Amino acid sequence: MTQLYWQTCGEGDRDLVLLHGWGLNAQVWRCILPQLTPHFRVHLADLPGYGRSGGFGALSLPVMAQTVLDQAPPRAIWLGWSLGGLVAAEAALSAPDRVAALISVASSPCFSAREEEGWPGIKPEVLTGFQHQLSQDFQRTVERFLALQTLGTESARQDARTLKDVVLSQPMPTAEVLNGGLDILRTADLRAALTRLDVPFLRIYGYLDGLVPRKVAEMLDERYPQSPSLVMRKAAHAPFISHPDEFCDALKAFCQRAA
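According to the UniProt record's numbering, the stretch in the sequence shown is residues 1 to 259, in order.
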């Protein structure tokens, strides 16, 4: 039977599930674990088909969320980065009794730009282009996507190297799984559904993020008035890597308020 890779560590009395982004794996959180484990029981999962969770094909967003829910503890705080933010949001929407609070990091309920609506995001042709390039030069395409995530920060080169090391440290996802993830980023739209979300919800963004424009934060502030947002001024798409102290302070403060 195909199973998720799942690791639990930490000494706190609250459960915190961490979900990584496209192309990566749970090793991406290693840089902030020392700051989180004294306060939480931290659950690290490789999303289906990524890293050590091999054997899965491409899954839809609801099936991916349910696969993680099946292994998650009850009433956990869910934190999802980028694609992981969509998975965590889908879990909170489908099983609100299982999710005590939701934190999205450099994520959007709709990653794809919708120009006719004035919605900012990644141009659909860019995501389609990445899908096409995957079939031609698999590893280079993943590296290019990772490099986009750190552009503009003072530590961009070092942060990009960190992300690349995370990818190389574990088994690579198949092209099918990566294409499935890009499909989710291209087509998912949880904007309307999240207006009905009834759990504490924090949104963290990077001011320099080229994949989730900071304008998304302002637009969602109006849509979700009960959901606080934090835009980290010198961060891009991976704020927990470039600014771990500021990131962890915000996370812990929100979780205390949401208790």
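All residues carry an ideal CB built from backbone N, CA and C; glycine is no exception.
Computed from a prediction, not measured in an experiment: that's the story for all the values here.
task = Out of L16, G54, R30, G12, point me to the one whose CA is closest to E176's CA.
result = Locating residue 176 in the sequence shown gives position 176, where the first residue counts as 1. Selection L16, G54, R30, G12 evaluated against E176 yields G54 as nearest (Cα-Cα).
key: Nearest to T52 (by Cα), restricted to the options Q66, V63, A26, C31   = Here residue 52 corresponds to residue number 52 of the sequence shown, with the count starting at 1. Correcting the residue identity first, residue 52 is Arg in this sequence and not Thr. Closest by C-alpha distance to R52, out of Q66, V63, A26, C31, is A26.
For L202, three-class secondary structure by DSSP = Along the sequence shown, one-based indexing puts residue 202 at 202. L202 falls in the strand class under three-state DSSP.
query = Does K123 come within less than 7 Å of chain D when only Cβ atoms are used?
reply = In the structure shown, chain D cannot be found, because there is only a single protein chain.
query = E15 lies in the beta strand (DSSP E); which residues open and close that run?
reply = Stepping through the sequence shown from its first residue, residue 15 is reached at position 15. One point to set straight first is that residue 15 is Asp, not Glu, in the sequence displayed. D15: member of the beta strand (DSSP E) spanning 15-19, first to last residue.
ask   = Which word fits S34, buried or exposed, when buried means at least 16 other C-beta atoms lie within 10 angstroms of its C-beta?
value = What you label residue 34 is simply residue 34 of the sequence shown in a count that begins at 1. At residue 34 the sequence reads Pro, which differs from the Ser that was named. Result: exposed.
Per-residue burial, E115 [other beta carbons within 10 Å of its own, 16 or more giving buried] = In the sequence shown, residue 115 corresponds to position 115, counting from 1. Burial call: exposed.
task = Please name the residue, chosen from S112, A113, W78, N179, that lies closest to Q136 on a Cα-to-Cα basis.
result = Here residue 136 refers to the residue found at position 136 when the sequence shown is read from its first residue. Checked all of S112, A113, W78, N179; the closest Cα to Q136 is N179.
ask   = Rounded to whole angstroms, how far is the Cβ of V167 from the Cβ of L146, which I believe are closer than 8 Å?
value = Position 167 of the sequence shown, counted from the start, is the residue given in the question as residue 167. Position 146 of the sequence shown, counted from the start, is the residue given in the question as residue 146. About 7 Å; that satisfies the 8 Å criterion.
Contact under 7 Å by Cβ, L202 with I77 = The residue you call residue 202 lines up with position 202 of the sequence shown. The residue you call residue 77 lines up with position 77 of the sequence shown. Contact: no.
message = I need the straight-line Cα distance from G118 to D221, nearest angstrom please.
response = Sequence index remark: in the sequence shown, residue 118 carries index 118 (1-based). Sequence index remark: in the sequence shown, residue 221 carries index 221 (1-based). If I take the Cα positions, the gap works out to 16 Å.
task = Starting from C255, follow the alpha helix (DSSP H) in both directions and report where the run begins and ends.
result = Walking along the sequence shown from the start, residue 255 turns up at place 255. Per DSSP, C255 belongs to the alpha helix (DSSP H) from 244-258.
CA nearest to the CA of C110, picked from P38, M219, V63 = Sequence index remark: in the sequence shown, residue 110 carries index 110 (1-based). For the residues P38, M219, V63, the minimum Cα distance to C110 belongs to M219.
task = Would you tell me roughly how many angstroms separate the C-alpha atoms of A91 and L190, rounded to the nearest one?
result = Locating residue 91 in the sequence shown gives position 91, where the first residue counts as 1. Locating residue 190 in the sequence shown gives position 190, where the first residue counts as 1. Cα atoms of A91 and L190: separation of roughly 12 Å, rounded to the nearest angstrom.
inquiry  = If you follow the beta strand (DSSP E) that G85 is in, where does it begin and where does it stop?
reply    = Here residue 85 refers to the residue found at position 85 of the sequence shown. Not the beta strand (DSSP E): G85 falls in the alpha helix (DSSP H), residues 83-94.
inquiry  = I'd like the span of the alpha helix (DSSP H) that includes H237, first residue to last.
reply    = What you label residue 237 is simply residue 237 of the sequence shown in a count that begins at 1. Premise fails: H237 is in no alpha helix (DSSP H) and is neither H nor E.
A95 and L127 closer than 7 Å at C-beta = Stepping through the sequence shown from its first residue, residue 95 is reached at position 95. Stepping through the sequence shown from its first residue, residue 127 is reached at position 127. Not a contact, by the Cβ cut-off of 7 Å.
key: Assumed close pair G85, S112 - CB separation to whole angstroms, cut-off 8 Å   = In the sequence shown, residue 85 corresponds to position 85, counting from 1. In the sequence shown, residue 112 corresponds to position 112, counting from 1. No, G85 and S112 are not in contact; Cβ-Cβ is about 14 Å, not under 8 Å.
query = So S229 packs on Y205, CB below 8 Å; how close in whole Å?
reply = For the purposes of this step, residue 229 is taken as residue 229 along the sequence shown, with counting starting at 1. For the purposes of this step, residue 205 is taken as residue 205 along the sequence shown, with counting starting at 1. Contact holds; Cβ gap of about 7 Å.
Contained beta strand (DSSP E) runs [length at least 3] in the stretch 132-215, N- to C-terminal order = Here the runs fully enclosed are 201-206.
query = So, is H237 buried or exposed, given that buried needs 16 or more other C-beta atoms within 10 angstroms?
reply = Position 237 of the sequence shown, counted from the start, is the residue given in the question as residue 237. Per the 10 Å Cβ criterion, buried.
query = Skipping 5 residues on each side, what residues in its chain have a beta carbon closer than 7 Å to that of L134?
reply = By 1-based counting over the sequence shown, the position of residue 134 is 134. Excluding positions up to five away in sequence, the list reads T141, A175, L178, N179.
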